[in-house]
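Note sheet for the following structure.
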Amino acid sequence: MKILEVKAKTALNRSGMVELDYAFNAYLGCMHGCRYCYAADMTPGESAATWGDAVRIRTNIIDVLREEMKGRRRGLVGVSTITDPYQPVEARYMLSRQAIDLLLNGGFRVSVQTKSPLVLRDLDIFRDRKGLDVGVSLATPHTEISRLIDSKSPLPEARMRTLRVLSENGIKTWLFLGPIIPGINDSNESLETLISLASDLKIRVIYDLLNQYNGARSMLSSSLGSSWESEARSINRRLWWQETEAKITGLAREYQVDCNSEASELKAETNILYKPLY
Ligand code: SF4
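Numbering that gives the first Met the number 0 numbers the first residue of the sequence shown as 0 and each following residue consecutively.
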């Protein structure tokens, strides 16, 4: 793993996600290196070319953020949008922790999305805070599938436990169910396990299908094999997604879970390329 320290010129960037006012990314590149990650297509420089093997630490970003906050309209900040804010380097640098605390103290709302139990380190600054939500991403409850598609990320079991602890601590929590990949993690059993977990914890679900970015597609093909790619190409994607969404919404009704798709946000995202961040 190559870890490089760089300087940030900006901290609060416009987000391609329509529900967010700003994106905050303390790190460029992601040590989790998930094979389906669209962020590889949106990250400038070497971190994209070596996805999962290099991460750049924007060491001065807290100072930049502090200055930028002075003149910015308050709004919702995504922490993070093109990396995992609680990937292993966060244990040492603590940039996500500092940024979340600073933003909340400054009157911004913050939405965190991660796959890592390291987020639980920061329960002390999360408790009783208004304007904060924390999402945990799970594509599958099954270890063997996770090891194929997001092998460097924490195990599904650890992520499910993380959701439970966040929720038990009164943090506004949600489950990101995705990306859903044809023939890999779209079985009724897999979807039901995750939706029933959300029901048990009384939390929201946001679900999404696999984005069709080039980087993610070729990384996935190298993990899942060329037969997966030809099968995936042969299905009627629109029909498959209609059927999969019907399964998800049916399960959400059955388990009485508040469940929404990211489809509208996705449309906006595909037209946005991140400007260089440093
Ligand atoms: S954890 Fe998120 S940002 Fe990091 S590689 Fe996986 S999908 Fe991408």
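Glycine included, each C-beta is placed from N, C-alpha and C at the ideal position.
A direct Cα-to-Cα measurement between Ala48 and Cys29 gives close to 12 Å. If you look at Ile247, you'll find it in the alpha helix (DSSP H) that goes Arg236 to Tyr254. Of the heavy atoms belonging to the ligand SF4, at least one sits nearer than 7 Å to the Cβ of Thr82.
Nearest to Met41 by C-alpha distance, out of Glu230, Ala215 and Glu253, is Ala215.
Tyr37 is a Cβ neighbour of Tyr212, given a cutoff of 8 Å.
Proximity to Leu174 across Leu122, Gly224, Ala53 and Lys114 peaks at Lys114, based on C-alpha coordinates. When the beta-carbon positions are compared, Ile180 and Ala251 stay at least 8 Å from each other.
Across the structure, Arg13 and Arg236 are spaced so that their CA atoms are roughly 31 Å apart. Look at the beta carbons and you see the segment 223–238 not touching the segment 158–170: under three pairs across the two are nearer than 8 Å.
Between Gly105 and Glu18, the alpha-carbon positions lie close to 20 Å from each other. Relative to the ligand SF4, the beta carbon of Cys29 is positioned inside 7 Å of a heavy atom. For the ligand SF4, a non-hydrogen atom lies closer than 7 Å to the CB of Ser152. If the five residues before and after Ile61 are omitted, its C-beta is found closer than 6 Å to the C-beta atoms of Gln97, all from its own chain and listed in chain order. In this structure the segment 180–189 does not touch the segment 150–162; the number of beta carbon pairs closer than 8 Å is below three. Check the Cα spacing between Ile202 and each of Ser136, Leu103 and Ile124: the tightest is with Ser136. Secondary structure note for Phe125: its alpha helix (DSSP H) is the uninterrupted segment Leu122 to Phe125.
Excluding five sequence positions before and after Arg65, the CB atoms of its chain that fall closer than 8 Å to its own CB belong to Leu101, given in chain order.
DSSP links Ala22 through a beta bridge to Asn12 and Gly77. Taking 7 Å as the cut-off, the C-beta of Asp52 does not count as close to any heavy atom of the ligand SF4. In this structure, Tyr26 keeps its C-beta atom at 8 Å or more from the C-beta atom of Val63.
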